[in-house]
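Single-structure report; data block below.
Numbering (full-length UniProt numbering), first residue to last: 1 to 94.
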């Protein structure tokens, strides 16, 4: 549990620093700059903090992946568990 909390804190720090990076020489600054350079390889990328309540679909997919013993993918219809979450998101955002 402590490792997960440390990972969360680290990720939140990175998300905050990516948007406000200034020239620096610390190892952390170099890591953040490396992440920014890597993100440039994607046509459209953005890093931002989203609260868990606004990120239910991603949380659901992570939970589904951890509970599964096999790899799977879908192309048209998402799994039922995710369909329900996406439907609720649509209702709340409309």
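A virtual CB, placed ideally from N, CA and C, is assigned to each residue, including glycine.
Source: prediction; values computed, not measured.
Residue i in three-state terms, based on DSSP
i, result
"residue 74", "coil"
"residue 9", "helix"
"residue 63", "helix"
"residue 80", "helix"
"residue 68", "coil"
"residue 43", "coil"
"residue 53", "helix"
Cβ separation of residue i and residue j, assumed to be a contact under 8 angstroms, to the nearest whole Å
i, j, result
"residue 32", "residue 47", "About 10 angstroms separates the two Cβ atoms, so there is no contact after all."
"residue 57", "residue 82", "6 angstroms"
Alpha-carbon spacing of residue i relative to residue j, whole angstroms
i, j, result
"residue 79", "residue 26", "44 angstroms"
"residue 29", "residue 85", "37 angstroms"
"residue 59", "residue 53", "9 angstroms"
"residue 10", "residue 16", "10 angstroms"
"residue 66", "residue 76", "22 angstroms"
"residue 90", "residue 35", "31 angstroms"
Counting pairs of beta carbons, one from the segment 65-76 and one from the segment 37-47, are three or more of them closer than 8 angstroms? no
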